[in-house]
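Undergrad: Below: one structure in structure tokens.
Numbering (our numbering), first residue to last: 1407 to 2048.
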């Protein structure tokens, strides 16, 4: 539904003209539906595949421009960040060998990107979120140099009035502020399209909403971001929070986010969805003037209008289940885009995900007719969020207000319905069985991509630095994606037997501790000493209420106090501010490790607080670097032996 040829709505007149073009396209769409202009005798599927580019050290590689220069296939296109890339399948007629065709096209597209990337020493990775991605990778410098993305970043920042923010709670908690929409680029997805007709749209779209929870629960693959365990499909929370222009403090007023599940069922037609979005959201980007046409003139000449103004508007409204307008072989059609799936972890897994959803889409309107009368929409939306948070472990509300285990419903309701739907579409039984057996095995083993990552991370806990563990997860994903095994059959990641690698500790952010014990300026020195004793710490940062670093208390300071033989009473009268080192030497997360080590040597200090935007975010110490030095020495000695 998106378009790359866009421009800014500059000034009031430009904005009014742009929205008039959108309204004209909507009127034309309504006329086309009334006149029966849409293709109704064919059903097709298609897919968009996003990939992460990584280097040999498993770090994001912002080199998509160089990769694209080596590819002539127009189906391979840039994505939001320079370390993302996308390729698209051709439309595939449903039935027969359509799943095998989808599998083949995905493998061919992946091979095209892999071969081109290999020429410059980078690799494509299929993952919802790359474990090694770091805030340092998300600078505006890594935004793909496309007008569409630059415009989105500028306009959404202007509309928000503040930095983009993430606050996600799972097993861990993440709170991040960032000045660019690049936070969204940590996501990579696999989007599937399903063609429908104007008459069937309402029933098909409502089915897609109703089954979003089971479809998402069985495909979750993104539980870790910046080393923290969050939702089973953290992409959902990231996208909904980052691409959000709502002001805070709206009180009782309901304000909708640009990324959302939806507000209600569709009663009659696709026009309800488009009109609701046009009525509620300001236009962020507009189609270029040379692309906009008069749709009525196109219809009068017997040609299907492109509706570029509507497409440009809709490309900045991110429903998880999104309606699309398109033209194939000169005939207009409607399709439903499923934006739920994460990328990967293998093509076999993706085809299974697509088959499961397509089967449910085909059978749903027959098995659960008038679903909008049997399920409260608020429950359906809640089911979706619960599935994103918990995956297959969740319970959801299903028909007749019953709350059921997702795994039970998968076995009793959803998998059987999907199998019948695939048969209803005339899809080759062997291909359908192959795909659905992957879904069944995931459910029976409880091993989704998210579960594999969480279990692998648990197995690596305590081994090496945090960055090394994330490297190992990424290495294992890279190796397994080409193994021919779906994710439920993957062995867990293991710590590398080899020595440490340079890419695992080149910056402070890869080596620092982020689980910090801190005290306030007015805290008594007794508590400071106790914390240092309990946690075996040599330094404790002192911060104010805004988490800004104001000082550092060291164990040497406490030794000096003890040497003066302070009485218990006098010690209680001493506050942290009285003994702390003011204005300590600090570094940023992006500081090269070699510079951090030099700073500690020059200043004869054993640790450095890590500060970002004036706030304390971590600590790095000589102890951290000593452990790394041991592994580096091992590598050097091994290289000498060779």
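By construction, the Cβ of each residue, glycine as well, lies at the ideal position given by its N, Cα and C atoms.
Quantities reported herein were computed from a predicted structural model and do not represent experimental measurements.
1. Kindly list the residues whose CB is nearer than 6 Å to the CB of residue 1759, restricted to its own chain and excluding five residues on each side of it in sequence; keep chain order.
2. For residue 2113, I'd like the list of residues in its chain whose CB is within less than 7 Å of its CB, leaving aside the five on either flank, ordered along the chain.
3. Near residue 2015, which residues of its chain fall below 7 Å by C-beta distance, leaving aside the five closest residues on each side in sequence?
4. How many Å lie between residue 1503 and residue 1837 at the Cα?
5. If you follow the beta strand (DSSP E) that residue 1398 is part of, which residue opens it and which one closes it?
6. Going by Cα to Cα distance, which pick from 1673, 1546, 1576, 1600 is closest to residue 1590?
7. Since residue 1787 and residue 1667 should fall inside the 8 Å C-beta cutoff, what is the C-beta to C-beta distance between them, to a whole number of angstroms?
8. What residue range is occupied by the uninterrupted alpha helix (DSSP H) comprising residue 2007?
9. Which of the three DSSP states, helix, strand or coil, is assigned to residue 1804?
10. Of the residues 1831, 2019, 1825, which one's Cα is nearest the Cα of residue 1840?
11. Three or more beta-carbon pairs under 8 Å between the region 1482-1502 and the region 1585-1603, yes or no?
12. What's the call for residue 1940, buried or exposed, on a 16-neighbour Cβ count within 10 Å?
13. Below 8 Å, how does it come out for the region 1714-1726 and the region 1419-1429: are there three or more Cβ pairs, yes or no?
14. So is residue 1613 buried or exposed if we call it buried at 16+ other beta carbons inside 10 Å?
15. Classify residue 1781 as buried or exposed, calling it buried when 16 or more other Cβ atoms lie within 10 Å of its own Cβ.
16. Starting from the C-beta of residue 1880, find all residues in its chain whose C-beta is less than 6 Å away, skip the five residues before and the five after it, and write them out in chain order.
17. What's the gap between the Cα of residue 1815 and the Cα of residue 1556?
18. Pull up the distance between the alpha-carbon of residue 1732 and that of residue 2030, whole angstroms please.
19. Helix, strand or coil for residue 1672? Go by DSSP, reduced to three states.
20. Would a C-beta distance cut-off of 8 Å place residue 1727 and residue 1744 closer than the cut-off?
21. Does DSSP put residue 1599 in a helix, a strand or coil?
22. Could you name each continuous alpha helix (DSSP H) segment of 4 residues or more that falls completely within the region 1545-1630, going from the start of the chain to the end?
23. Just to confirm, is the Cβ distance from residue 1872 to residue 1633 under 8 Å?
24. DSSP on residue 1680, reduced to helix/strand/coil?
25. Among 1601, 1845, 1527, 1596, which has the Cα closest to the Cα of residue 1895?
26. For residue 1943, which option in 1927, 1964, 1926 has the closest C-alpha, if you only look at C-alpha atoms?
27. What are the partner residues of residue 1981, as DSSP defines its beta bridges?
28. One question on the structure: do residue 1820 and residue 1617 come within less than 8 Å of each other, judged by their Cβ atoms?
29. Leaving out five residues on either side along the sequence, give the residues of the same chain with a beta carbon under 7 Å from the beta carbon of residue 2035.
30. Of the choices 1638, 1920, 1982, 1933, whose alpha-carbon is the least far from that of residue 1949?
31. How is residue 1445 classed by DSSP in three states: helix, strand or coil?
32. Cutting at 8 Å between CB atoms, please list the residues of its own chain near residue 1559, excluding the five before and the five after it.
33. Compute the Euclidean distance between the alpha carbons of residue 1627 and residue 1898, then round it to the nearest angstrom.
34. Where does residue 1747 sit, in a helix, a strand or coil, going by DSSP?
35. Going by CA-CA distance only, name the one from 2002, 1501, 1561, 1685 that's closest to residue 1912.
36. Within 10 angstroms of the Cβ of residue 1830, are there 16 or more other Cβ atoms? Answer buried if so, exposed if not.
TA: Well, looking at it:
1. Here residue 1759 refers to the residue found at position 353 of the chain shown. Result list for residue 1759: 1625, 1747, in chain order.
2. Examination of residue 2113 is not possible in this model, given that the chain is present from 1407 through 2048 alone.
3. Along the chain shown, read from residue 1 onward, the residue named residue 2015 stands at position 609. In its chain, beyond the 5 residues on either side, 1947, 1955, 1958, 1990, 1992, 2022, 2025 have a beta carbon closer than 7 Å to the beta carbon of residue 2015.
4. Within the chain shown, numbered from 1, the residue matching residue 1503 stands at position 97. Within the chain shown, numbered from 1, the residue matching residue 1837 stands at position 431. Rounded to the nearest whole angstrom, the C-alpha separation of residue 1503 and residue 1837 is 7 Å.
5. What is shown of the chain runs 1407 to 2048, which leaves residue 1398 out entirely.
6. In the chain shown, the residue the question calls residue 1590 occupies position 184. The option with the nearest alpha carbon to residue 1590 is 1546.
7. Along the chain shown, one-based indexing puts residue 1787 at 381. Along the chain shown, one-based indexing puts residue 1667 at 261. Sure, about 5 Å apart at Cβ, within 8 Å.
8. Here residue 2007 corresponds to residue number 601 of the chain shown, with the count starting at 1. Here the alpha helix (DSSP H) through residue 2007 covers 1999-2009.
9. Reading the chain shown from its first residue, position 398 is the one you call residue 1804. In the displayed model, residue 1804 falls within a strand according to three-state DSSP.
10. In the chain shown, residue 1840 corresponds to position 434, counting from 1. If you compare the alpha carbons of 1831, 2019, 1825 with that of residue 1840, the shortest gap goes to 1825.
11. The region 1482-1502 makes contact with the region 1585-1603: 3 or more CB pairs, one atom from each, lie closer than 8 Å.
12. Within the chain shown, numbered from 1, the residue matching residue 1940 stands at position 534. It counts as exposed.
13. Yes, the region 1714-1726 is in contact with the region 1419-1429.
14. Residue 1613 sits at position 207 when you count from the first residue of the chain shown. The residue in question, residue 1613, is buried, as its Cβ has 16 or more Cβ neighbours within 10 Å.
15. Working through the chain shown from its first residue, we reach residue 1781 at position 375. So residue 1781 counts as buried.
16. If you number the chain shown from 1, residue 1880 lands on position 474. Residues 1464, 1537, 1538 of the same chain have their beta carbon placed closer than 6 Å to that of residue 1880, with the five preceding and five following residues left out of the count.
17. Mapped onto the chain shown, residue 1815 falls at position 409. Mapped onto the chain shown, residue 1556 falls at position 150. Taking the straight line joining both Cα atoms gives about 44 Å.
18. Here residue 1732 refers to the residue found at position 326 when the chain shown is read from its first residue. Here residue 2030 refers to the residue found at position 624 when the chain shown is read from its first residue. Cα to Cα, residue 1732 sits roughly 56 Å from residue 2030.
19. Position 266 of the chain shown, counting from 1, holds the residue named residue 1672. Three-state DSSP puts residue 1672 in coil, outside helix and strand.
20. Taking the first residue of the chain shown as 1, we reach residue 1727 at position 321. Taking the first residue of the chain shown as 1, we reach residue 1744 at position 338. Result yes, Cβ atoms of residue 1727 and residue 1744 sit closer than 8 Å.
21. Translated into positions along the chain shown, residue 1599 becomes position 193. Looking at residue 1599 - three-state DSSP - the assignment turns out to be strand.
22. DSSP runs (the alpha helix (DSSP H)) wholly in the region 1545-1630: 1553-1566, 1607-1616, 1618-1623.
23. The count along the chain shown starts at 1 and reaches residue 1872 at position 466. The count along the chain shown starts at 1 and reaches residue 1633 at position 227. The answer is yes: Cβ separation under 8 Å.
24. Counting from one through the chain shown, the residue named residue 1680 turns up at place 274. Looking at residue 1680 - three-state DSSP - the assignment turns out to be helix.
25. Taking the chain shown and counting its residues from 1, the one referred to as residue 1895 is at position 489. Checking every option, the nearest Cα to that of residue 1895 belongs to 1845.
26. What you label residue 1943 is simply residue 537 of the chain shown in a count that begins at 1. Measuring C-alpha to C-alpha distances from residue 1943 to each of 1927, 1964, 1926 identifies 1964 as the nearest.
27. Taking the chain shown and counting its residues from 1, one reaches residue 1981 at position 575. Assignment of beta-bridge partners to residue 1981 by DSSP yields 1930.
28. As a first step, residue 1820 is located in the chain shown; it is residue number 414 there, counting from the start. As a first step, residue 1617 is located in the chain shown; it is residue number 211 there, counting from the start. Yes, the Cβ-Cβ distance between residue 1820 and residue 1617 is below 8 Å.
29. As a working mapping, residue 2035 is identified with position 629 in the chain shown. Closer than 7 Å at the Cβ level, and outside the excluded window around residue 2035, lies no residue.
30. Here residue 1949 is taken as the residue at index 543 of the chain shown, counted from 1. Ranking 1638, 1920, 1982, 1933 by Cα distance to residue 1949 puts 1982 first.
31. Position 39 of the chain shown, counting from 1, holds the residue named residue 1445. Here residue 1445 sits in coil by DSSP.
32. As a working note, residue 1559 is residue 153 in the chain shown. By the criterion of a C-beta distance shorter than 8 Å, residue 1559 is surrounded in its chain by 1546, 1549, 1586, 1587, 1588, once the five residues flanking it on both sides are discounted.
33. Here residue 1627 refers to the residue found at position 221 of the chain shown. Here residue 1898 refers to the residue found at position 492 of the chain shown. Spanning the alpha carbons of residue 1627 and residue 1898 requires a straight line of approximately 15 Å.
34. Residue mapping note: residue 1747 aligns to position 341 of the chain shown, counting from 1. Correct three-state label for residue 1747: coil.
35. In the chain shown, residue 1912 corresponds to position 506, counting from 1. Looking only at 2002, 1501, 1561, 1685, the smallest Cα-Cα distance to residue 1912 is reached by 2002.
36. By one-based count along the chain shown, residue 1830 stands at place 424. In summary, residue 1830 is exposed, with fewer than 16 beta-carbon neighbours lying within 10 Å of its beta-carbon over all protein chains present.
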